[in-house]
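Shown next, in structure tokens, is the structure this report addresses.
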Amino acid sequence: MGSLATRGLSVKTKRYLFCYLALLPVVLLFVWLRVGPAASTINLSFHDWNLIRAHKPFVGLKNYINLFNDRLFLISLRNTTIFAFATVVFGMLLALPLALALNRPSKLTGFYQAVYFLPVITPMVPVSVIFKWIYDPGYGLLNYLLSFFGVEPIGWLMFPNLALASIIVMCIWKNLGYHMIMLLVGLKNIPGQYYEAAAIDGANKWQIFWKVTLPLLKPILMYVFITTSIEGFNIFTPVYVMTTGSQGAPGNSVRTLVYNIYEDGFRYFKMGYASSQAVMLLLIVLAVTMLQMKMLSGDDASSSVQ
Amino acid sequence: MARSSHAKATPGQIVIHIVLVLGAAAMLLPFIWMLSTSVKPPEEVITWPPQFIPRNPTFDNYVEAFTAVPLARFFLNSTLISTVSTVSILLTSSLAGFVFAKYRFPGRNLLFLVILATSMVPFQSYMIPFYLMVNRLGWISTYQGLVLPLLVMAFGIFFMRQNIMSVPDELMDAARIDGCSEFRIYWQIILPLSKSAMAALAIFAFKNAWADFIWPLLITNDIGLYTMELGLGMFQHRFTVDYGAITAASVISILPIVTVFVIFRRHIIEGVTLTGIKG
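Note that the protein sequences, when read in sequence, are chains A and B.
Residue 260 in numbering that gives the first Met the number 0 sits at position 261 of the first sequence, with consecutive numbering throughout.
Residue 240 in numbering that gives the first Met the number 0 sits at position 241 of the second sequence, with consecutive numbering throughout.
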């Protein structure tokens, strides 16, 4: 930094200068790449535009009003909500016993953590591809395994509700390691004294779990619920890869919010209308966050998470 | 917590081990199936009952994956985009994280709040105007258009800030007494001390860029620009009759991140437990 140019300025001013200069590129990038587009979405949602016409009339809340009569939008809202909550709730229910099982000193903990986390770190597209093959009606592994129980072959991705459930199961599989590790962090943060005190008071294992463990897990539960359900509401890739076109899933059997935005915006070029859906998505994400914060807050217990 | 270590084989402990092992097997099964399918000749892929161990393993699927579609090109594209994104995120996050961690100045809280707020808005919510902006710039179907949304990461800033806060202020004061400029403090003191955090962030950023699907889908018209994920996702009709080839391509596409994960797994999991980032 040119000390010649800043000679004569006070130390404090020089430091401020450094701060602002250092932050300038980052802030500019954020405004350009995040703040601007977010504001644009809101603005665009109040207009009617098909990308080609120069004419972009302001239509107020018309887009939003039309949303509530749009069958496809309502279906995608329903599907996405079910998806988000199912993946979080069932995912946590499965992860909790696993985390409890791992919450003891063992040389294998690191190994298990790594194995369970592998699906988390694997990109969604290859995961969707292999699960699509596993779900294949004619030659898939799942139907083969089920045939041992006398179950007839099922078209897992061919029917709307079944396909939704199939994708939910896949996403639970993919995120299990993340949930497990986060719960493990929460468990390890519970001071041993609480358990000892409860044991001295004569509490049995169940009581300890409900009255000591679970309440102290609240902060981390809240954090994982929020982040995972936000991700759930934004689901797109597996839907696109597994349920559009090609064998195993004629047409598109699962419609989600982002998929709807994609179609209305980039297939039908209803830019304003798609933007209103994007704003709805954002509002839902914010509402879910605040709702879960409210429901699960109360404890001040320190968590190791930001 | 002291636990008596005799009686290792209590029924409870056996059940716990079984559950953990079953879960681990379930985690690995699809990967094994992916590998197995990728080395099967076509007649063994479409067969009933499905076999785990191929009778005549072959690398033909891998050859086909590279020749039926420009897979090497896709791999190069993904590598290029992910690398540029990672470098950009490392630089911006470490510098901004440093400033937010170690300095007080007017507007600091406001700026931090703005960045925090943007991290709450999912990309899918603003992808439409983003696309329109890229269109106005004439950057549709270009590398710069592809990498644009990946140049910054709010989580990166939070992560680095958290890490840099633990650097003792005395180090910085000592450097200043020696006449070090603030920028040199960043470059020659803070950065070397943050190697471990930067490594974890680099891996997350790389994986995030590599796995990106919807943006490349929107922004590319030209097959030459496709990323690996896009190539995989879009060539289903091509590979429809041949899961052998598409699983081979899938194996190739996950090889980089799985290798990095196997080598750096402790780092990565540590990063996750400290920040809650999913990567």
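A virtual CB, placed ideally from N, CA and C, is assigned to each residue, including glycine.
Option nearest residue i by Cα separation, candidates the options
i      : options                        : result
A/F52  : A/G231, A/K269, A/L161, A/Y177 : Position check: residue 52 of chain A holds Arg in this sequence, whereas Phe was assumed. Considering only alpha carbons, the answer is A/K269.
A/I189 : A/I225, A/G201, A/L73, A/K210  : A/K210
B/M159 : B/M171, B/Y185, B/L170, B/D177 : B/Y185
B/D59  : B/V38, B/E42, B/A201           : B/V38
A/A21  : B/L110, B/R72, B/I52, B/T219   : B/L110
A/A83  : A/D135, A/L28, A/I171, A/F148  : A/I171
A/P306 : B/I268, B/G22, B/R175, B/F212  : Because chain A here runs from 0 to 305, residue 306 of chain A falls outside it and cannot be looked at.
B/L145 : B/P40, B/P121, B/P215          : B/P215
B/S195 : B/W138, B/R264, B/A25          : B/R264
B/I256 : B/T46, B/V68, B/F74, B/L19     : B/F74
B/L28  : A/D263, A/L117, A/I229         : A/L117
B/L147 : A/V30, A/L50, A/T12            : A/V30
B/M132 : A/K11, A/V114, A/D263, A/A38   : A/A38
A/N174 : B/R72, B/Y225, B/G275          : B/G275
B/K101 : A/L256, A/C18, A/F224          : A/C18
A/A98  : A/Q291, A/F208, A/F232, A/R254 : A/F208
B/K26  : A/I153, A/M221, A/M169         : It is Met, not Lys, that sits at residue 26 of chain B in the sequence shown. Among A/I153, A/M221, A/M169, the Cα nearest to that of B/M26 belongs to A/M169.
7 Å CB neighbourhood of residue i in its chain, flanking five on each side removed
i      : result
A/T40  : S274, A277, V278
B/M152 : I88, S92, A204
B/Y242 : T36, V44
Residues near residue i in its chain [Cβ-Cβ closer than 8 Å; skip 5 each side]
i      : result
B/A6   : At B/A6, the pLDDT of 49 sits below 50, so the modelled position is not reliable; the number obtained from the coordinates is stated separately. So the list is empty, once near-sequence residues are dropped.
A/N102 : L183, L186, K187
B/I31  : F51
B/L112 : none
B/I251 : Y61, A64, L70, F74, M227
Buried or exposed by the 16-neighbour rule on C-beta atoms within 10 Å, applied to residue i
i      : result
B/G230 : buried
B/S77  : buried
A/N259 : buried
A/Q112 : buried
A/F306 : Residue 306 of chain A falls outside the range modelled here, since chain A spans only 0 to 305, and no answer is possible.
A/R266 : exposed
A/P237 : buried
B/A64  : buried
A/K293 : exposed
A/H54  : exposed
B/Q12  : exposed
B/Q187 : exposed
B/E181 : buried
A/Q206 : exposed
A/N203 : exposed
B/W47  : exposed
B/Q235 : buried
B/D221 : exposed
B/A208 : buried
Residue i, DSSP secondary structure in three states
i      : result
A/H54  : coil
B/Y102 : coil
A/A202 : coil
A/C18  : helix
B/C179 : coil
B/R135 : helix
B/F333 : For residue 333 of chain B there is no data in the structure shown, the boundaries of chain B being 0 and 278.
A/W31  : helix
A/K269 : coil
B/R54  : coil
A/F208 : helix
B/K39  : coil
B/V250 : helix
A/N160 : helix
A/I189 : coil
B/I15  : helix
B/N220 : coil
A/K293 : helix
A/T227 : helix
B/M197 : helix
B/R107 : helix
Residues bridged to residue i (per DSSP)
i     : result
A/H46 : A/F57
Same chain, Cβ closer than 6 Å to residue i, neighbours up to 5 away in sequence not counted
i      : result
B/L200 : G155, F158
A/G139 : I133
is_contact[residue i, chain E] using C-beta, thresh 8 Å
i      : result
A/M270 : In the structure shown, chain E cannot be found, because the protein chains are A and B.
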